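Residue numbers (the numbering used here), protein chains in the order written: chain U, 1 to 111; chain H, 1 to 541. Just so you know, even glycine gets a beta-carbon here, dropped at the ideal spot from N, CA and C. Keep in mind that this is a model prediction, so the values were computed, not measured. Okay, so here's the structure we're looking at.
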């Protein structure tokens, strides 16, 4: 599982950075989305990978070794919401830039 | 009163939040009411900031950190807000800039879009939260709040150049937020906590095999803040964005780059300060050298700028670089001088951005070509559009603008008698403290750079000042309203006040710097945040 997660994060980050550096605004926004997926997986893996483990303790005194860390999961939720909202906002600016400059180049150049 | 004091740490966040939400609900036709609500709320925020400053900074003999457990959950498991001298100072600075920008915007800019006041309020909320929070992930959330508001403000007024600069600004900040998240989660993965004070307590005892990962996390986190602070080579977005933004938005942005500096200052002294064991001093050499290169880059930019707005953007870079290098030095005396410089340079930059628009109003686009044409064909009648101008034209307006411009030039270049000089003098004095033979080489380089950058600012400002005020077209005095001049005057008057009361202000900065260098009081008061006894129920333990 570690290898698959690591490859997924690496692949997403690599594609995300590549697209982020491309000259078209659409590529940039897709790159940012891919990067945010990679980051979300990364945060998740920072709580240590573990399958079939609940994150909520049944009560005080339970043995915590069989449970997964709930905090990264809460962080991921927050990060997903925030990156979704900011990406939506970026999309609006992207469309405005397309309308004002007449091109989808990030610098507004026609080429 | 007691209730107010108990909740004073959370109120600076709640007040702008409530006001901002209310402003978005109100119809745009109620523009006067909206502006009044926003201004009153901002005055309230300033009052809160002053009260907070008085309550944490009143006792000069002891450090006091006011803490607030959100949701009444015990630290370090839940988010804690913590206000110490530095937070209170930054909060007050942000609130003052907010008020000045809003008063300025009353004249013209608030009408350029329905959301101006609401966005300013959310920006203030994000600022207050970022300054007051004691939790790393909560810091991320407040950073996003203030960035989201700043995206709106950067685009306020719309138009091609603004949208183009805004596109770059948003893209780079979204990428920086990703780095922020990677850094935060790495730090969490290695230490198991997000509370800054708890982190400071745990970092010395991190296992040796995890230390490299922890430092990688701190480094990635640092890059995210360096992007916001505008450190070279992460700063190319800054002059363009600041120059393209509308004047009140740019004035507010003057504090945004300082938020990055604030976090770097706080975290580097708290997490990797003297008490951090093997990680002590992590990254400080890098901060020093990066700061020095940033000063050099900003200085070249200042000399190369053709327009005032770009010059102002590059001078923001110079001040960022100076602050970063001062943080990297890690000398208490330099840090206290740097704090003074931070306040002074933020006020100066805000005043400058507001002033630029007023001055540029006199300069028609392509003014130089126009000057030649006018000389060739004789004086034209310039009576045509005078009737359309709304507002009071002040006689001798160019003189007032010129004096303000001169004051900004003095402040930027660090010449006496204004606060720019006091700030730079305090920093240089701190660098040269002790025996002159013991001062290391990098400090001499930094010292030279700081002085040269001031000189370059003087040259750049003089050149632009001469071409604007002495060789401008006759009869083209800009129409400026009192309400637009007042914020500039207030900001400059605050710089004068910083000079006049330099002694008390400097003592406050000294105490702030000492508390930052020795954060055990901050750590212990955050970790022992008192909980409220819930009547009829069990307090969360």
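With 16 other Cβ atoms within 10 Å as the buried cut-off, status of residue i
i                      : result
residue 91 of chain U  : exposed
residue 520 of chain H : exposed
residue 437 of chain H : exposed
residue 1 of chain U   : exposed
residue 63 of chain U  : exposed
residue 58 of chain U  : exposed
residue 501 of chain H : exposed
residue 144 of chain H : buried
residue 135 of chain H : buried
residue 104 of chain H : buried
residue 239 of chain H : buried
residue 20 of chain U  : buried
residue 510 of chain H : buried
residue 508 of chain H : buried
residue 71 of chain U  : buried
residue 109 of chain U : exposed
residue 468 of chain H : buried
residue 19 of chain H  : buried
residue 158 of chain H : exposed
residue 133 of chain H : buried
Limits of the unbroken beta strand (DSSP E) element including residue i
i                     : result
residue 95 of chain U : Counting along the chain, residue 95 of chain U falls outside any beta strand (DSSP E), though it belongs to the alpha helix (DSSP H) covering 70 to 101.
residue 66 of chain H : 66 to 69
residue 81 of chain H : 80 to 83
Chain H within 8 angstroms of residue i, Cβ atoms only
i                      : result
residue 63 of chain U  : no
residue 42 of chain U  : yes
residue 71 of chain U  : yes
residue 36 of chain U  : yes
residue 49 of chain U  : no
residue 12 of chain U  : no
residue 172 of chain U : Absent from the structure is residue 172 of chain U, since the part of chain U shown begins at 1 and ends at 111.
residue 59 of chain U  : no
residue 19 of chain U  : no
residue 3 of chain U   : no
residue 107 of chain U : yes
residue 75 of chain U  : yes
residue 25 of chain U  : yes
residue 101 of chain U : yes
residue 7 of chain U   : no
residue 67 of chain U  : no
C-beta neighbour in chain U for residue i, strict 8 angstroms
i                      : result
residue 238 of chain H : no
residue 151 of chain H : yes
residue 35 of chain H  : no
residue 250 of chain H : no
residue 49 of chain H  : no
residue 144 of chain H : yes
residue 388 of chain H : Per-residue confidence for residue 388 of chain H stands at a pLDDT of 49, beneath the threshold of 50, marking its modelled position as unreliable; no derived number is given.
residue 148 of chain H : yes
residue 12 of chain H  : no
residue 157 of chain H : no
residue 163 of chain H : yes
residue 213 of chain H : no
residue 260 of chain H : no
residue 454 of chain H : no
residue 166 of chain H : yes
Start-to-end residues for the alpha helix (DSSP H) that takes in residue i
i                      : result
residue 46 of chain U  : No alpha helix (DSSP H) contains residue 46 of chain U, which DSSP labels as neither H nor E.
residue 37 of chain H  : 31 to 57
residue 507 of chain H : 502 to 517
residue 348 of chain H : 332 to 360
residue 2 of chain H   : 2 to 6
residue 2 of chain U   : 2 to 20
residue 551 of chain H : The displayed coordinates of chain H run from 1 to 541. Any statement about residue 551 of chain H would go beyond what the structure contains.
residue 520 of chain H : 520 to 527
residue 471 of chain H : Here residue 471 of chain H belongs to no alpha helix (DSSP H), and DSSP marks it neither H nor E.
residue 316 of chain H : 308 to 329
residue 20 of chain H  : 11 to 25
Task: Ranges of the alpha helix (DSSP H) found wholly within the segment 185 to 266 of chain H, counting only runs of at least 4 - done: 196 to 202, 208 to 229, 237 to 244
Task: Near-chain C residues of the segment 169 to 191 of chain H - C-beta to any C-beta below 8 angstroms - done: The structure shown has no chain C; the protein chains it does contain are U and H.
Open item on the list: List, from N- to C-terminal side, the alpha helix (DSSP H) runs of 4 residues or more that fit wholly inside the segment 125 to 172 of chain H.
Closed with: 136 to 154
Open item on the list: Against chain H, which members of the segment 79 to 95 of chain U pass a CB distance test of less than 8 angstroms?
Closed with: 79, 82, 83, 85, 86, 87, 89, 90, 93, 94
TODO: Identify every run of the alpha helix (DSSP H) within the segment 402 to 467 of chain H, keeping only runs that are complete inside it and at least 4 residues long; order them along the chain.
DONE: 419 to 431, 441 to 465
- [ ] Check each residue of the segment 130 to 142 of chain H: if its Cβ is closer than 9 angstroms to any Cβ of chain U, include it; give the result in chain order.
- [x] 137, 140, 141
TODO: For the segment 65 to 91 of chain H, enumerate the residues whose C-beta is nearer than 9 angstroms to any C-beta of chain U, in chain order.
DONE: none
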